[in-house]
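Asks: Using mature numbering (1 follows the signal peptide of the UniProt record, and there is no 0), the letters of the sequence shown correspond one by one to residues -25 to -1, 1 to 470.
Glycine residues also receive a C-beta, built at the ideal position from the N, C-alpha and C atoms.
This structure is a prediction, so every number in the text was calculated from the model and none was measured.
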Amino acid sequence: MINKMNHMKKHILFGGMLLCAAAFTACTEDFTDWASPQSNAQGENEPAYAINFGAGSQANIVMDNATENVQIVSLTSSSDAVSSYKLKSITVNGISISGEIDGNGVYVNAAKLDSIIEATTFDRSATPHAIEVKTEVAARLSSGEAVPAEGVTSATLTPYSNVPEKDPKGYAMLGQWQGWNPSAPTWMTEVEPGVYQAVVTTTDDGDNWFKFYKGSGFDDADFSWDAVALGCAVNGDASSPNLLCWEGDPRFGGFQTPVINGASTWTVTLDMNKLYYKFERLESIYYLIGNPQGWTPNDITCLIYPLGNNQYSYTTKFTNQWDLKFFEVKYANAGDDVWNNVWGGENGSTAASGDLIFGSDAGAIGPNENGGWYTFTIDMNAMKYSWTAIDEPSAEYTNISLIGDFNGWAADVDLTALDKAPHNWYVRAAIPSDGGLKFRANHDWALSWGANFDISESYGGTSTSDNGPNINVPAGTYDFYFNDITGQFAIVAVE
């Protein structure tokens, strides 16, 4: 038995020396030189180094009673050749965290671990969160040499239990857009248990400050507003999604005032189950103004087609350098005030892409000095625009029309070609009954366009010309827009 153990020790020491030689440098007691770590599952490195990675004695962390530092990983070895360990790295759910080794335990700061888990899950509820822990160490051998090893273990973390109870009277918002007037709060609607939403329109191109408030706070004029308010950790934070904070917050100590950046319409969601909030720019309707359709805002025929995720595009032949601006539909009848509410860029810019500018400082932009065939794209999340050159389309159509259940698939309703925006079409039409319809070319079925489309989710999409499905539209009067190059369409209800 003694001879067998001596033989195993020699084998382990020799393996460590070979790894050091493979790195063309000596392993030292300082562990400053590393061989490539083996990527083995837990326990697979045992035959080579007899090093095992296991859950630490405090791997199931409950923040209510956690110590400052917790043992999240335990290191063991069945070989007396291993004398100590040095930590190379540790990650939790793929995110690096500082740690230290004390004896055979790997320790991390509990508060830092809590912040990582909450920030990556956007969940502050007092429910256990699973953690994957990946640890890389150097094992120092009794000879003074070092060999690398790594392992994956599991842990859990339960955030603080001192969280706000759901208010039976719901939640409201006060903010810059409504003058912080508690007599006219923006009430939120419970869209599912514990989840509330409101649509708000911000008016400042910069920061729009706001807070959430428990509904019960509006019952008593002497109520402590701080006690019923909810906010964020950092004053002026415009992040979305973001963690919710409150008075007496066990992690942050209190709350600050968040902001929404930019003038637009937003859907704000407050999740009181997971204790986070988010705001998303609501899909809007934008029209070009300028050379493609004229500089009169009432003539709104050049709708910029929605792409989803608050991005939009328009494809046609643009005529010259100072070609266009665009505006939101709500300013269509604003008269001269529309010029204080338009979007554009740096005046006269012909850059392939650029930042959007809002308001009276917004300049007219174009693709180049001579124009050409382009797709103009705007990203209202990033506040960017871009121009993409396309080939001149070879197909020309005498007619683009609507046909469908509403007219028994027997007669065509013609769209009008836009003179200044070639290959774009428009018509206002009454649809007397619910049903499907398609766009088709030249009053013939040789070429038609259809799409899977839900008008309750969006007002536009992209159709296909290979016998696409019927576009289902409920009864009503609509403005129809169509681009025969891209197949993009929009169907906007007329109020």
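Do L88 and I65 have their C-beta atoms closer together than 8 Å?
Replies: Position 113 of the sequence shown, counting from 1, holds the residue named residue 88. Position 90 of the sequence shown, counting from 1, holds the residue named residue 65. Not closer than 8 Å, so no.
Asks: How many Å lie between P160 and S423 at the Cα?
Replies: Position 185 of the sequence shown holds residue 160. Position 448 of the sequence shown holds residue 423. Approximately 49 Å, taken between the alpha carbons.
Asks: Classify I460 as helix, strand or coil using the three-state DSSP reduction.
Replies: Stepping through the sequence shown from its first residue, residue 460 is reached at position 485. I460: coil per DSSP, three-state reduction.
Asks: Starting from K292, follow its DSSP beta bridges and name the residues at the other end.
Replies: Sequence index remark: in the sequence shown, residue 292 carries index 317 (1-based). W348, per the DSSP bridge assignment.
Asks: Just to confirm the assignment, what range does the alpha helix (DSSP H) spanning K87 have?
Replies: As a position in the sequence shown, residue 87 is number 112, starting the count at 1. Residues A85 to T96.
Asks: Return the CA-CA distance between A30 and T131, expressed in angstroms with no decimal places.
Replies: To locate residue 30, count along the sequence shown from 1; it is residue 55. To locate residue 131, count along the sequence shown from 1; it is residue 156. Going from the Cα of A30 to the Cα of T131 covers about 10 Å.
Asks: Roughly how many whole angstroms lie between the Cα atoms of L278 and D454?
Replies: Here residue 278 refers to the residue found at position 303 when the sequence shown is read from its first residue. Here residue 454 refers to the residue found at position 479 when the sequence shown is read from its first residue. Rounded to whole angstroms, L278 to D454 spans 10 Å at the Cα level.
Asks: Reducing DSSP to helix, strand and coil, say where S361 ends up.
Replies: Counted from its first residue, the sequence shown places residue 361 at position 386. If DSSP states are grouped into helix, strand and coil, S361 belongs with the strands.
Asks: Measure from the alpha carbon of E111 to the alpha carbon of each residue in S117, E125 and T102, then state which is nearest.
Replies: In the sequence shown, the residue the question calls residue 111 occupies position 136. Looking at the Cα atoms, E125 is the closest of the given residues.
Asks: Determine which residues share a DSSP beta bridge with Y252 and list them.
Replies: On the sequence shown, residue 252 is found 277 positions in, with the first residue counted as 1. In DSSP, Y252 forms a bridge with N217 and L245.
Asks: Using the DSSP secondary-structure output, state which residues sit across from T128 in a beta bridge.
Replies: Within the sequence shown, residue 128 is the residue found at index 153, counting from 1. T128 pairs with V108.
Asks: Out of curiosity, what's the CA-to-CA distance linking W384 and I460?
Replies: Within the sequence shown, residue 384 is the residue found at index 409, counting from 1. Within the sequence shown, residue 460 is the residue found at index 485, counting from 1. In a straight line, the C-alpha of W384 is about 24 Å away from that of I460.
Asks: Measure the Cβ-Cβ separation of T232 and K189 and say whether it is below 8 Å.
Replies: For the purposes of this step, residue 232 is taken as the residue at position 257 of the sequence shown. For the purposes of this step, residue 189 is taken as the residue at position 214 of the sequence shown. Against a cut-off of 8 Å, the Cβ pair of K189 and T232 comes out as no contact.
Asks: First and last residue of the beta strand (DSSP E) that includes W400?
Replies: Numbered from its first residue, the sequence shown carries residue 400 at position 425. Looking at the DSSP string, the run of the beta strand (DSSP E) that includes W400 is N399 to I406.
Asks: Check Y82 in the structure and name its three-state DSSP category.
Replies: As a working mapping, residue 82 is identified with position 107 in the sequence shown. Strand.
Asks: Take the Cβ of H418 as the centre, count every other Cβ of all protein chains shown within 10 Å, and call the residue buried at 16 or more, exposed below.
Replies: As a first step, residue 418 is located in the sequence shown; it is residue number 443 there, counting from the start. Result: exposed.
Asks: By how many angstroms is the C-alpha of K359 removed from the C-alpha of residue 522?
Replies: Given a span of -25 to 470 for the chain in the structure shown, any question on residue 522 remains unanswerable.
Asks: What residues in its chain sit with their C-beta under 6 Å from that of A34, if we drop five residues either side in the sequence?
Replies: Position 59 of the sequence shown holds residue 34. The residues are I47 and A130.
Asks: So, is R415 buried or exposed, given that buried needs 16 or more other C-beta atoms within 10 angstroms?
Replies: Taking the first residue of the sequence shown as position 1, residue 415 is located at position 440. With 16 or more Cβ atoms within 10 Å of its Cβ, R415 is classed as buried.
Asks: Below 6 Å CB to CB, which residues in the same chain sit around K253 once its five sequence neighbours on both sides are set aside?
Replies: Here residue 253 corresponds to residue number 278 of the sequence shown, with the count starting at 1. Taken in chain order, the residues that qualify are S215, P216 and T244.
Asks: Under the three-state reduction of DSSP, which class applies to V67: helix, strand or coil?
Replies: As a working note, residue 67 is residue 92 in the sequence shown. Reduced to three states, the DSSP call for V67 is strand.
Asks: Taking the CB atoms as reference points, tell me whether V175 and M148 lie closer together than 8 Å.
Replies: Indexing the sequence shown from 1 puts residue 175 at position 200. Indexing the sequence shown from 1 puts residue 148 at position 173. Yes, they are a contact pair.
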